[in-house]
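Residue numbers (UniProt numbering), protein chains in the order written: chain R, 1 to 331; chain A, 1 to 331.
Worksheet for the structure shown next.
There are 2 protein chains.
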Amino acid sequence: MVVTIRDVAHVAGVSISTVSRALASPDKVSASTRLLVEETARSMGYRANRAARGLVTGRTSSIGLVVPDLENPFFGSICKGVQARARAAGYSVFIADTDEDPSLEDEAVRNLTKQVDGVIICSARSTDAALQQAAQDGPLVLVNRALPGIPSITFDNGGGARAVMRHLIALGHRRIAYVAGPVTSWSNRERTLALQTFAAEADHVDLIELGNFPPFFSGGMQAADLAVASGATAIVAFNDLVALGVIERLRQRGLQVPADISVTGFDNVPVSALVWPNLTTVDFPRIQMGRASVDALLDTVLARTSPRPAIQEIPVELVVRQSTAPPAQPS
Amino acid sequence: MVVTIRDVAHVAGVSISTVSRALASPDKVSASTRLLVEETARSMGYRANRAARGLVTGRTSSIGLVVPDLENPFFGSICKGVQARARAAGYSVFIADTDEDPSLEDEAVRNLTKQVDGVIICSARSTDAALQQAAQDGPLVLVNRALPGIPSITFDNGGGARAVMRHLIALGHRRIAYVAGPVTSWSNRERTLALQTFAAEADHVDLIELGNFPPFFSGGMQAADLAVASGATAIVAFNDLVALGVIERLRQRGLQVPADISVTGFDNVPVSALVWPNLTTVDFPRIQMGRASVDALLDTVLARTSPRPAIQEIPVELVVRQSTAPPAQPS
DNA sequence: CATCTCAGTGCAAACGTTTGCAGAATAGGA
DNA sequence: TCCTATTCTGCAAACGTTTGCACTGAGATG
Chain R
1 MVVTIRDVAH VAGVSISTVS RALASPDKVS ASTRLLVEET ARSMGYRANR
51 AARGLVTGRT SSIGLVVPDL ENPFFGSICK GVQARARAAG YSVFIADTDE
101 DPSLEDEAVR NLTKQVDGVI ICSARSTDAA LQQAAQDGPL VLVNRALPGI
151 PSITFDNGGG ARAVMRHLIA LGHRRIAYVA GPVTSWSNRE RTLALQTFAA
201 EADHVDLIEL GNFPPFFSGG MQAADLAVAS GATAIVAFND LVALGVIERL
251 RQRGLQVPAD ISVTGFDNVP VSALVWPNLT TVDFPRIQMG RASVDALLDT
301 VLARTSPRPA IQEIPVELVV RQSTAPPAQP S
Chain A
1 MVVTIRDVAH VAGVSISTVS RALASPDKVS ASTRLLVEET ARSMGYRANR
51 AARGLVTGRT SSIGLVVPDL ENPFFGSICK GVQARARAAG YSVFIADTDE
101 DPSLEDEAVR NLTKQVDGVI ICSARSTDAA LQQAAQDGPL VLVNRALPGI
151 PSITFDNGGG ARAVMRHLIA LGHRRIAYVA GPVTSWSNRE RTLALQTFAA
201 EADHVDLIEL GNFPPFFSGG MQAADLAVAS GATAIVAFND LVALGVIERL
251 RQRGLQVPAD ISVTGFDNVP VSALVWPNLT TVDFPRIQMG RASVDALLDT
301 VLARTSPRPA IQEIPVELVV RQSTAPPAQP S
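So, in structure tokens, the structure goes:
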């Protein structure tokens with residue numbers, strides 16, 4: 001029924017070792033044999049059984065990808081990048097959605113570890129200890145979270161935050177509110193720190209920290225009134241969804257963006273370009289990050305001597321759109 | 001280094017067959033042995049090698065999922081549903097993103113077929129013939145596309161379209177434009193047909209068909225002016241993104257939604273609830289569809305006598321929000 | 001006590017590959 | 001012509017499981 005290497009060998013009139021070698025390491029057989037075997041295999045529709053190969057080589061040619069929420073376009077993009085690069089390198093991708101649940105995440109990692117060559121964890125929600133443990137059990141790469149000793153790929157949150165501040169200050173804003181994300185969020189800490197530092201270094205700039213708020217539309221709705229009460233002329237939101245929530249609440253209160261107040265986000269999710277006003281935000285090249293994580297993983301898996309730093313930072317870019325403008329009454 | 005069934009057997013003082021049986025079919029060994037083996041295995045951190053098991057059983061305990069674009073939240077949700085249900089059934093999920101490319105899709109399916117127990121193809125872009133062929137090579141389930149002879153899960157596009165028409169007519173609209181999606185889209189054909197039929201059966205209702213347009217924001221931008229020129233008081237867009245494009249273009253032209261003109265979409269993507277005005281649209285329960293597809297696949301894989309119909313239709317629901325209202329000048 | 005049944009266990013083959021080792025064939029050099 | 005080096009090929013052992021078959025011993029039945 002299903003054609004094995006044995007069948008190919010029989011038809012081609014050679015041994016199974018020769019077939020194996022002709023297909024896997026072409027330089028180990030004569031050119032004529034190789035051609036014969038290749039042609040026979042093709043005509044018979046032979047495809048090597050991965051399980052059998054994995055059994056003897058100890059390699060599965062597949063990697064595991066763990067994400068908190070597949071429905072979130074942020075992670076969808078990363079998956080896309082991972083998948084594309086893995087395919088190009090001859091690897092398949094096992095996917096696991098953890099539903100933002102740390103214990104499910106740990107379990108998924110444990111499950112995967114034994115059946116793949118390496119694991120990529122995206123925005124890990126688990127504890128440092130659990131991750132360190134997981135790193136012991138097999139090749140592991142962290143995406144959007146950095147942990148010493150484990151290859152990690154992160155976005156340059158600090159650079160993004162600085163770019164936003166620079167932009168707002170250049171427009172003339174001097175009183176700027178930051179709607180913070182979850183306390184547990186590593187990205188949030190990075191952004192907060194960078195904003196504080198930049199504000200402290202600039203002249204006559206006040207940074208008002210609000211929050212923490214949930215990183216969704218609803219979080220923005222909650223935060224908007226506080227931001228207005230603070231007298232800020234510009235609001236930096238933790239991410240695009242929060243920014244949209246802020247804008248919606250401002251709209252409800254009759255405030256115009258950007259005429260009365262400027263709003264920015266982070267992430268550059270697709271929707272941020274579709275709404276009115278378009279969002280000024282920081283673009284995070286997520287597909288590129290997915291690709292980079294596969295490269296980092298394969299570095300470890302293939303034990304290439306890795307010249308890459310353990311923690312790699314992907315540059316980000318400010319995208320100026322229509323949600324930012326000079327303040328109504330310049331101070 | 002890695003603990004095998006042999007190690008467990010040695011420590012527990014039984015044969016490897018007994019370990020295998022104690023773990024896989026507990027009723028075949030005595031209770032005391034089972035406990036002993038289970039405890040030993042746990043303490044040693046034993047996890048069965050999937051490749052080895054697959055080699056002898058011919059089962060991989062994994063399924064393949066092929067989607068056109070992981071970045072599209074529509075597919076992200078389906079993935080989530082698939083992944084969750086598969087996990088619950090003890091299956092892992094291989095994922096393949098085809099970048100909307102039919103030939104990549106065919107290749108992905110071919111690649112997967114040999115290394116998984118079954119494949120789910122989401123919104124297949126490939127030809128009927130190629131799909132029929134793929135169905136010969138192994139268990140296959142189609143999602144969001146129906147093909148006779150292959151188990152298919154689809155949304156009730158017709159029902160959704162009728163619900164939209166009923167709603168608009170109830171509001172008093174009599175001249176309704178449909179901004180059609182791609183000609184190649186199966187969903188588009190289903191929706192068009194249902195709209196036509198319903199309009200024909202209703203009294204004094206004109207359906208103006210526009211397009212075809214690309215199923216994105218830009219498609220809506222293109223279509224809006226035609227819709228206005230047609231004198232329609234309500235616009236039914238192929239999907240939410242198109243609807244958003246339509247609204248944006250209307251806004252640019254100074255037309256208010258829904259005061260001047262009503263707009264509806266299909267899909268109920270998350271963003272449709274976040275924008276202003278919120279979109280009246282048809283909710284497609286995508287996670288549920290993902291789950292249903294796994295069930296259908298496992299029916300075939302496990303050769304359960306399947307009482308399910310070959311083509312299963314998932315009910316959809318009209319979500320009335322703020323983008324629809326009675327027409328300005330009732331006709 | 002002899003016989004039978006049956007639950008529990010172990011032996012060993014099989015799954016489809018890869019790969020170290022050894023043998024065969026070929027070519028080259030003396 | 002013989003020897004050696006080199007290239008190519010085949011044999012067979014592994015990889016870690018599952019599972020058909022045979023065996024053992026205990027309990028039941030006569």
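Glycine is no exception: its CB is placed at the ideal position from the N, C-alpha and C atoms.
Here the structure is a predicted model, which means the values were calculated and not measured.
Distance CB(Leu168(R))-CB(Ala234(R)) smaller than 8 Å: yes
For Gly13(R), count the other beta carbons within 10 Å of its own beta carbon; 16 or more makes it buried, fewer makes it exposed. Which is it? exposed
Starting from the Cα of Ile78(A), find the closest Cα among Ala325(A), Val301(A), Arg291(A) and give me that residue. Cα-wise, what sits closest to Ile78(A) is Arg291(A).
Suppose contacts are defined by Cβ-Cβ distances below 8 Å. Is Arg110(R) in contact with Ala124(R) by that definition? no
I'd like to know if Glu100(R) contacts chain A, where contact means its C-beta is closer than 8 Å to some C-beta of that chain. no
Considering only their Cβ atoms, is the gap separating Val263(A) from Ala237(A) smaller than 8 Å? yes
State the beta-bridge partners of Ala96(A) as determined by DSSP. Val66(A)
Which partner residues does Asp206(R) have in the DSSP bridge list? In the DSSP assignment, Asp206(R) is bridged to Arg175(R).
DSSP bridge partner residues for Cys122(A) (one or two, in chain order): Val143(A), per the DSSP bridge assignment.
For Lys28(A), which residues in chain R fall below 7 Å Cβ to Cβ? The premise fails here: Lys28(A) is roughly 24 Å from chain R at the closest Cβ pair, so nothing lies under 7 Å.
Please classify Thr300(A): does DSSP put it in a helix, a strand, or coil? DSSP places Thr300(A) in helix when its eight states are reduced to three.
C-alpha gap between Ile95(A) and Ser92(R), whole angstroms: Each residue's alpha carbon lies about 8 Å from the other.
Just checking: is the beta-carbon of Arg253(A) within a distance shorter than 8 Å of some beta-carbon in chain R? no
Which residues in chain R sit within 9 Å of Val275(A), going by Cβ to Cβ distance? Leu244, Glu248, Val271, Leu274, Val275, Trp276
Tell me, to the nearest whole angstrom, how far the beta carbon of Ser205(A) is from that of Arg174(A); I am working on the premise that it is less than 8 Å. Just to set this straight, residue 205(A) is Val in the shown sequence, not Ser. That pair is a contact at about 6 Å.
The alpha helix (DSSP H) enclosing Asp128(R), as first and last residue numbers: 128 to 137
Check whether chain R comes within 8 Å of Gly231(A), counting only Cβ atoms and requiring the distance to be less than that. Answer no: the Cβ-Cβ gap between Gly231(A) and chain R never drops below 8 Å.
Spatial neighbours of Arg286(R) within its chain, please: CB distance less than 6 Å, with the 5 preceding and 5 following residues excluded, ordered by chain position. Ser77, Ile78
Please report the straight-line C-alpha distance between Gly45(R) and Asn49(A), rounded to a whole angstrom. 28 Å
What residues in its chain sit with their C-beta under 8 Å from that of Asp99(R), if we drop five residues either side in the sequence? Pro68, Asp69
Is Glu71(A) helix, strand or coil by DSSP? coil
If you reduce the DSSP assignment to three classes, tell me which class Val2(R) lands in. In the three-state scheme derived from DSSP, where H, G and I count as helix and E and B as strand, Val2(R) is classed as coil.
Opposing strand residues paired with Leu318(A) [DSSP bridges]: Val282(A)
Backbone secondary structure at Thr60(R) - three-state DSSP: Thr60(R) carries a coil assignment under DSSP once its states are collapsed to helix, strand and coil.
I need the DSSP call for Gln115(R), collapsed to helix, strand or coil. coil
Start and end residues, beta strand (DSSP E) containing Thr192(R): Note, Thr192(R): premise wrong, no beta strand (DSSP E); alpha helix (DSSP H) at 186 to 201.
Proximal residues of chain R, C-beta to C-beta of Arg291(A) below 9 Å: What Arg291(A) touches in chain R: nothing, since even the nearest Cβ is about 13 Å away.
Return the residue from the list Gly81(R), Leu104(R), Lys80(R) that minimises the CA-CA distance to Ala88(A). Leu104(R)
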